[in-house]
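Participant: Just so you know, the sequences run in chain order A and B.
Each residue of the first sequence is one higher than the one before, starting from 1 at the first, in the UniProt record's numbering.
Each residue of the second sequence is one higher than the one before, starting from 1 at the first, in the UniProt record's numbering.
Would you mind keeping the following structure in view while I ask a few things?
Protein chains: 2
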Amino acid sequence: MLYLVGLGLADEKDITVKGLEIVKKAERVYLEAYTAILLVEKEQLEAFYGRPVIIADREMVESSSDEILAGADKTDVAFLVVGDPFGATTHTDLVLRARSLSVPTRSIPNASILTSIGTTGLQLYNFGQTVSMVFFLETWRPASFYDRIAENVSIGLHTLVLLDIKVKEQSLENMARGRLIYEPPRFMTVAQCAAQMLEIEEEVKKEGVYTRESLAVGVARVGAVDEKIVAGTLGELCDADLGRPLHSLVLLGRRTHDLEREFLEEFAVDKEKFASVWKRDYEGKQ
Amino acid sequence: MLYLVGLGLADEKDITVKGLEIVKKAERVYLEAYTAILLVEKEQLEAFYGRPVIIADREMVESSSDEILAGADKTDVAFLVVGDPFGATTHTDLVLRARSLSVPTRSIPNASILTSIGTTGLQLYNFGQTVSMVFFLETWRPASFYDRIAENVSIGLHTLVLLDIKVKEQSLENMARGRLIYEPPRFMTVAQCAAQMLEIEEEVKKEGVYTRESLAVGVARVGAVDEKIVAGTLGELCDADLGRPLHSLVLLGRRTHDLEREFLEEFAVDKEKFASVWKRDYEGKQ
């Protein structure tokens with residue numbers, strides 16, 4: 001059996017009791033380590049599980065999935081995924097590959113940022129589609145997220161923006177020379193995301209889908225003891241410092257509930273500003 | 001401290017290791033038992049925790065929250081929620097009440113149907129807002145879900161429909177006579193949901209947001225060993241039997257990915273029909 005086991009968001013104890021039992025008895029244990037990361041190191045997981053953990057990078061999962069699946073028709077293989085196993089497309093691929101090899105699969109669900117974002121007090125049924133924000137490069141500033149946000153905004157919904165992480169990345173030079181030297185991991189911050197969003201709105205699209213005064217919420221380390229929430233305008237969030245990764249951002253839709261305001265205002269960068277923008281642009285809107 | 005502890009979806013072992021540690025040391029343990037249910041009885045939870053569990057019904061949570069919060073400024077109280085703690089609005093209320101009493105709170109995230117629905121192979125970033133479907137009564141057939149679905153459909157997105165559960169419900173007669181006699185619990189099935197959706201489309205709204213030939217996916221007992229997935233047209237799902245609760249339904253948006261088709265077709269009521277409707281109405285649509 002191939003078990004896809006969700007690890008939740010923060011540390012080794014966010015695995016479920018059921019998931020832990022599977023990990024402890026599996027023949028091999030892989031950790032998918034490129035679509036998201038836990039806030040603890042692999043060694044801490046290994047100590048907690050009492051088992052070695054094999055890091056599965058993108059290349060292994062996408063090109064060498066048969067290696068992961070080897071023998072899984074007879075013994076148990078655990079494939080650990082940060083968050084929920086079905087948060088990322090790539091795991092659907094792995095299950096399809098297992099199916100074609102007649103390897104049975106089972107998924108052990110866990111928390112995902114897609115629902116844990118409810119920690120902001122924003123109502124989950126008010127969210128539209130989720131978008132991703134990648135690190136802009138000098139010559140590559142993809143704006144496709146903007147059209148998705150525009151769709152959500154058109155029907156008044158919040159948008160969760162998931163922020164880029166870069167792990168095991170080679171510099172162009174090292175790649176060209178075939179040197180397996182990797183850059184230090186990078187994680188996009190709420191401030192970087194807010195700035196990129198405003199750049200696309202103000203310099204490229206100019207459709208007024210959102211402005212520097214639109215309200216947004218930044219979160220960091222959701223589910224951890226030092227979870228942090230900051231609410232403010234996109235302009236304000238360009239200067240917000242939420243500390244170490246992982247960060248996410250929510251752009252508010254106009255269809256809000258007063259409970260959302262009440263919950264969020266405690267986390268406002270500037271409570272007065274937050275209240276006045278809320279009253280002007282959000283309160284009572286449908 | 002008030003801990004809101006997510007229990008996940010299926011049984012007592014879906015709690016996280018962190019959540020279980022909190023439950024074992026809390027002064028009192030409440031179980032919210034009206035927005036969702038686990039697939040096991042309270043006694044099974046108590047045996048697993050080694051602790052008594054107090055059932056918190058809607059009335060207690062909404063009207064007597066101070067009872068739950070009593071002493072939580074000095075000792076630990078665990079409030080268990082099926083799924084993720086922030087899946088339902090009512091828990092935001094409880095946290096706000098705690099805040100006003102200076103009771104610190106912490107939430108322990110867990111799996112929610114909002115992400116575990118990914119078990120269908122449908123891509124989570126293709127989902128729009130979530131809607132709820134209540135049991136229709138003779139004279140009360142609320143159609144507000146329809147307008148929300150219409151919004152999602154207009155931008156090509158999938159819609160997760162959460163199905164009504166009725167627990168601790170009094171008959172009108174018993175209520176009138178003040179008798180605290182409760183009806184047996186009721187859980188809406190995928191078939192009932194599909195039929196109610198078609199009734200509103202065909203007899204009330206007639207806007208063509210979806211038809212009897214629209215593709216949908218029914219799921220039951222997500223995360224449990226006997227999890228079941230059935231894909232088909234809304235018409236076909238009117239006759240689908242997915243067994244015991246809980247059920248949920250997804251109406252597909254036209255913006256699909258071929259991986260979704262490949263994953264789903266294994267679960268189709270009628271594979272040929274599924275393939276032909278997909279090809280006609282979904283494939284390559286944006």
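For each residue, glycine too, the CB sits at the ideal point set by N, CA and C.
Tell me whether the beta-carbon of glycine 223 (chain B) lies closer than 8 Å to the beta-carbon of aspartate 14 (chain B).
Facilitator: Closer than 8 Å, so yes.
Participant: Could you pull the start and end residues of the beta strand (DSSP E) that glutamate 173 (chain A) belongs to?
Facilitator: Here glutamate 173 (chain A) belongs to no beta strand (DSSP E); instead the alpha helix (DSSP H) covers 172 to 176.
Participant: What does glutamate 32 (chain A) reach in chain B if we use C-beta pairs closer than 8 Å?
Facilitator: Here the premise fails: no neighbours, minimum Cβ distance about 14 Å.
Participant: Check whether the Cβ of serine 111 (chain B) lies closer than 8 Å to any Cβ atom in chain A.
Facilitator: A small correction: the amino acid at residue 111 (chain B) is alanine; serine does not occupy that position in the sequence shown. Answer yes: the Cβ-Cβ gap between alanine 111 (chain B) and chain A drops below 8 Å somewhere.
Participant: Taking 8 Å as the CB-CB cut-off, is glycine 218 (chain A) touching chain B?
Facilitator: Closer than 8 Å: no.
Participant: If distances are taken between C-alpha atoms only, which option among A:Glu236, A:Glu213, A:Leu246 comes closest to glutamate 227 (chain A)?
Facilitator: It is A:Leu246.
Participant: Determine which residues share a DSSP beta bridge with serine 248 (chain B) and list them.
Facilitator: Answer by DSSP bridge pairing, in chain order: B:Leu162, B:Val219.
Participant: Just the C-alpha distance for phenylalanine 79 (chain B) and leucine 96 (chain B), rounded to the nearest angstrom, thanks.
Facilitator: Spanning the two alpha carbons is a distance of roughly 14 Å.
Participant: Chain B beta carbons: is any one of them nearer than 8 Å to that of glutamine 129 (chain A)?
Facilitator: Cβ-Cβ to chain B under 8 Å: yes for glutamine 129 (chain A).
Participant: Does DSSP put methionine 60 (chain A) in a helix, in a strand, or in coil?
Facilitator: DSSP places methionine 60 (chain A) in helix when its eight states are reduced to three.
Participant: For threonine 35 (chain A) versus glycine 8 (chain B), is the C-beta spacing smaller than 8 Å?
Facilitator: Not in contact: threonine 35 (chain A) and glycine 8 (chain B) (Cβ atoms no closer than 8 Å).
Participant: Which whole-angstrom value is the C-beta distance of glycine 121 (chain A) and phenylalanine 263 (chain A), which I expect to be below 8 Å?
Facilitator: Indeed, because the Cβ distance is near 3 Å, the residues count as touching under 8 Å.
Participant: Glutamate 265 (chain A) by DSSP, collapsed to three states: which one?
Facilitator: Glutamate 265 (chain A): helix per DSSP, three-state reduction.
Participant: Does chain B have any CB closer than 8 Å to the CB of isoleucine 155 (chain A)?
Facilitator: Chain B contact via Cβ: present.
Participant: Scan the stretch 92 to 137 of chain B and note each continuous alpha helix (DSSP H) run of 4 residues or more that stays entirely inside, going in chain order.
Facilitator: Counting whole runs of 4 or more residues, the stretch 92 to 137 of chain B contains the alpha helix (DSSP H) stretches 113 to 116.
Participant: Using a Cβ distance threshold of 8 Å, determine whether the stretch 25 to 39 of chain A contacts the stretch 67 to 76 of chain A, with at least three qualifying pairs required.
Facilitator: Contact holds: three or more Cβ-Cβ distances are below 8 Å.
Participant: Using a Cβ-Cβ cutoff of less than 7 Å, which residues in the same chain neighbour threonine 130 (chain B) once the five nearest sequence positions on both sides are dropped?
Facilitator: Answer for threonine 130 (chain B): Leu114, Leu160, Leu162, listed in chain order.
Participant: Run through chain B and tell me which residues come within less than 9 Å of phenylalanine 263 (chain A), C-beta to C-beta.
Facilitator: Going along chain B in sequence order, the residues near phenylalanine 263 (chain A) (Cβ under 9 Å) are Thr92, Val95, Leu96, Arg99.
Participant: Check threonine 90 (chain A) in the structure and name its three-state DSSP category.
Facilitator: Of the three classes helix, strand and coil, the one that applies to threonine 90 (chain A) here is helix, per DSSP.
Participant: Run down chain A in chain order and give the residues with a C-beta less than 7 Å from the C-beta of aspartate 84 (chain B).
Facilitator: Going along chain A in sequence order, the residues near aspartate 84 (chain B) (Cβ under 7 Å) are Ala111, Thr115, Ser116, Gly118.
Participant: Are the beta-carbon atoms of threonine 189 (chain A) and leucine 242 (chain A) separated by less than 8 Å?
Facilitator: Yes, these two residues count as a Cβ contact at 8 Å.
Participant: For the putative contact between arginine 221 (chain B) and leucine 39 (chain B), defined by C-beta atoms under 8 Å, what is the C-beta separation to the nearest angstrom?
Facilitator: 6 Å between Cβ atoms; contact.
Participant: List the residues of chain A whose Cβ lies closer than 8 Å to the Cβ of lysine 13 (chain B), in chain order.
Facilitator: Near lysine 13 (chain B) (Cβ distances below 8 Å), the residues of chain A are Thr16, Val17, Lys18, Glu21.
Participant: Could you tell me which chain B residues have their CB closer than 9 Å to the CB of glutamate 151 (chain A), listed as they occur along the chain?
Facilitator: Result: Gly128, Ser154, Ile155, Gly156, Leu157.
Participant: Judging by CA-CA distance, which residue of A:Leu249, A:Pro104, A:Lys42, A:Asp66 is the nearest neighbour of valine 81 (chain A)?
Facilitator: The shortest C-alpha separation from valine 81 (chain A) is found at A:Lys42.
Participant: Could you give the distance in angstroms between the alpha-carbon of valine 219 (chain A) and the alpha-carbon of cysteine 193 (chain A)?
Facilitator: Using only the alpha carbons, I get a separation of about 12 Å.
Participant: Could you pull the start and end residues of the alpha helix (DSSP H) that valine 153 (chain B) belongs to?
Facilitator: Unbroken alpha helix (DSSP H) run through valine 153 (chain B): 144 to 154.
Participant: Return helix, strand or coil for valine 23 (chain A), following the three-state DSSP convention.
Facilitator: It is helical.
Participant: Shortest alpha-carbon distance to leucine 2 (chain A) belongs to which of A:Leu180, A:Gly232, A:Pro104?
Facilitator: Per the Cα distances, A:Pro104.
Participant: Check whether the Cβ of glycine 284 (chain B) lies closer than 8 Å to any Cβ atom in chain A.
Facilitator: No, because no Cβ of chain A sits closer than 8 Å to the Cβ of glycine 284 (chain B).
Participant: Are the CB atoms of leucine 259 (chain A) and aspartate 93 (chain B) within a distance shorter than 8 Å?
Facilitator: Yes.
Participant: Compare the C-beta of glycine 223 (chain A) against all C-beta atoms of chain B and say whether one is closer than 8 Å.
Facilitator: Output row for glycine 223 (chain A): interface = yes.
Participant: Spell out whether any CB of chain A is found under 8 Å from the CB atom of serine 65 (chain B).
Facilitator: No - not a single Cβ of chain A is within 8 Å of the one on serine 65 (chain B).
Participant: Do you know how far the Cα of glutamate 12 (chain B) is from the Cα of phenylalanine 48 (chain B)?
Facilitator: Approximately 7 Å, taken between the alpha carbons.
Participant: Just to confirm the assignment, what range does the beta strand (DSSP E) spanning isoleucine 229 (chain A) have?
Facilitator: Counting along the chain, the beta strand (DSSP E) containing isoleucine 229 (chain A) begins and ends at 228 to 233.
Participant: Are the CB atoms of glycine 31 (chain A) and alanine 72 (chain A) nearer to each other than 8 Å?
Facilitator: The sequence shown places leucine at residue 31 (chain A), rather than the glycine named in the question. No. Outside cutoff.
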